[in-house]
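Numbering (this note's numbering), first residue to last: 137 to 348.
Next comes the structure, spelled out in structure tokens:
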């Protein structure tokens, strides 16, 4: 008959300490590597045209389920804030200040790249898509770029916010549109041109003139 093994208080305590150490090391997670986010890629704006689809309603309040829950700001005398408010869209004071700076950005004289194309490729793609809309038709990409940059430089053309893009992406897509010539241009925060075309589809509620 096997004799029972006797443990001294010291050996028993040592065993318990070793067991606790093993259990502790088994439950401890290794430090996770920090999440490295890539530089924010530019949206593929070449597919954004004024006549694109929109889910906004012409009724006051718009699509309420798409409205971000931003702190409310008082309605100002400007038509921009009042119009957005009538659609149920309210921006923070910080957003309004950011937008005010956006419309003050000077054109850089360059075309914008996209997620999948460099600046020259994006220019060529936009020219092929929109060059024939102009009268007279623009002959080549360089002439198209030159005309676009000249339009971007004009200070007498009002800015418009793409409200649909703001609600979908929580980003500002700022455009210039001349209601007489129907020239339309989208501009990045760095002053580069996104696209340039002719359009009669600049209408509320998707587009609201910025008068900040």
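Glycine residues also receive a C-beta, built at the ideal position from the N, C-alpha and C atoms. Quick caveat, the model's predicted, so the values are computed rather than measured.
DSSP places residue 331 in the uninterrupted beta strand (DSSP E) bounded by 329-334.
In this structure, residue 295 lies away from residue 306, with their beta-carbon atoms at least 8 Å apart. By the Cβ neighbour-count rule, residue 243 is buried, with 16 or more other Cβ atoms within 10 Å of its own. When DSSP states are grouped into helix, strand and coil, residue 215 belongs to the helix group. By the 16-neighbour rule on beta-carbons within 10 angstroms, residue 286 is exposed.
A straight-line Cα-Cα distance of about 6 Å links residue 260 and residue 277. Relative to the Cα of residue 284, the nearest Cα in the group 301, 237, 297 and 318 belongs to 318. Using a Cβ-Cβ distance cut-off of 8 Å, the region 324-335 and the region 260-271 are in contact, since at least three pairs of beta carbons, one from each stretch, lie closer than that value.
Straight across, the Cα-Cα distance linking residue 263 with residue 280 is about 6 Å.
Assignment of beta-bridge partners to residue 312 by DSSP yields 295 and 321.
A direct Cα-Cα distance of roughly 10 Å separates residue 222 from residue 341.
At a cut-off of 3 residues, not a single continuous stretch assigned as beta strand (DSSP E) sits fully inside the region 208-292. In the DSSP assignment, residue 338 falls outside any beta strand (DSSP E) and carries neither an H nor an E.
By the C-beta density criterion, residue 251 is exposed, having fewer than 16 other C-beta atoms within 10 angstroms.
The beta carbon of residue 345 sits closer than 6 Å to those of 294 and 296, all from its chain and outside the five residues before and after it, given in chain order. Here residue 215 really is in contact with residue 347; their C-beta atoms are around 6 Å apart, less than 8 Å.
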